[in-house]
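Novice:
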Amino acid sequence: MTGRVRLVLVRHGESVWNVEERYQGQSDSGLTATGREQAEVAAAALLARFGPPDLVVASDLPRARDTANAYLRHFDLEARLDARLREADIGSWAGRPFTEIAAEYPDVLAAVGRGEDVRRGGGETFAELRRRVWQALVDAAALAAGDVAGDATVMVFTHGGPIRVAAAAALRLPVPGHLSFAPPVNTSLTVIGYAGERRNHSVVEYNAPTTWAAQAARAD
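Letter by letter, the sequence shown follows residues 448 to 667 of this note's numbering.
1) Residues in the same chain with beta-carbon distance under 7 Å from serine 635, minus the five sequence neighbours each way, listed in chain order, please.
2) Going by DSSP in three states, glycine 608 sits in which element: helix, strand or coil?
3) Between the alpha carbons of glutamate 652 and glycine 542, how many angstroms are there, rounded?
4) How far does the alpha helix (DSSP H) with alanine 530 in it reach, from first residue to last?
5) Touching or not, the segment 490–504 and the segment 468–481, by the rule of three or more beta carbon pairs under 8 Å?
6) For valine 457, list the residues DSSP reports as bridge partners.
7) Within 10 Å of its beta-carbon, does arginine 520 have 16 or more other beta-carbons around it, so buried, or fewer, so exposed?
8) Secondary structure at asparagine 647, three-state DSSP: helix, strand or coil?
9) Let's test the definition: count the other Cβ atoms within 10 Å of the Cβ of glycine 477 and tell me whether it reaches 16, buried, or not, exposed.
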């Protein structure tokens, strides 16, 4: 790998369970009408800023895949679906309201807040999440870099948990390091400058909104 790879991580649009304040994990509730509109706005913003990508990868969960499809309609491209880019596996917590989990598992939530790497709902740890997500990004970067002579841009449509752990991994923070990053909002973008396994990476932007495109359109 000779050039740098720009990894543009995009969180999916608003989902039904986002609105209902339920844990999602690897279950899926689909995008709301607002979420579909957000995906269209994000697609236009990403195209205007970054131009055509060298590679598009996405979580295979419908809420991320549908957000990617709004972007892909602008190109003769298909996303490479990768289950490693899924949201964290939270086991039995998936689909349950935030308030219900807070009432039943206050000690687990407190441990998570302290940076302890516990299994939520019997699912995976943050270390396991980070390991699979980072390897998916490394593989995508290698694939994109092999297809272009210079720098490459990879669009990655995924979820809030993977984006947080990816930012921490890029900076080589310890596993609780994702707590330093706020949960990304729907269709926000995070840019990681990936420089190969033996070089320093950078988090160029984190949780930057793509809704500026809609605001600009209303102002015109």
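Glycine is no exception: its CB is placed at the ideal position from the N, C-alpha and C atoms.
These figures come from a predicted structure and were not determined experimentally.
Specialist: Straight from the coordinates:
1) If you number the sequence shown from 1, residue 635 lands on position 188. So the list reads Arg458, Asn654, Ala655, Pro656 and Thr657, once near-sequence residues are dropped.
2) For the purposes of this step, residue 608 is taken as the residue at position 161 of the sequence shown. In the structure shown, the three-state DSSP call for glycine 608 is helix.
3) Position 205 of the sequence shown, counted from the start, is the residue given in the question as residue 652. Position 95 of the sequence shown, counted from the start, is the residue given in the question as residue 542. Here the alpha carbons of glycine 542 and glutamate 652 stand approximately 31 Å from one another.
4) Here residue 530 refers to the residue found at position 83 when the sequence shown is read from its first residue. Where alanine 530 is concerned, there is no enclosing alpha helix (DSSP H), given that its DSSP letter is neither H nor E.
5) no
6) Here the question's residue 457 lines up with position 10 in the sequence shown. Its beta-bridge partners are Phe604 and Leu636.
7) Here residue 520 is taken as the residue at index 73 of the sequence shown, counted from 1. Exposed, by the Cβ-count rule.
8) If you number the sequence shown from 1, residue 647 lands on position 200. Coil.
9) By 1-based counting over the sequence shown, the position of residue 477 is 30. Exposed.
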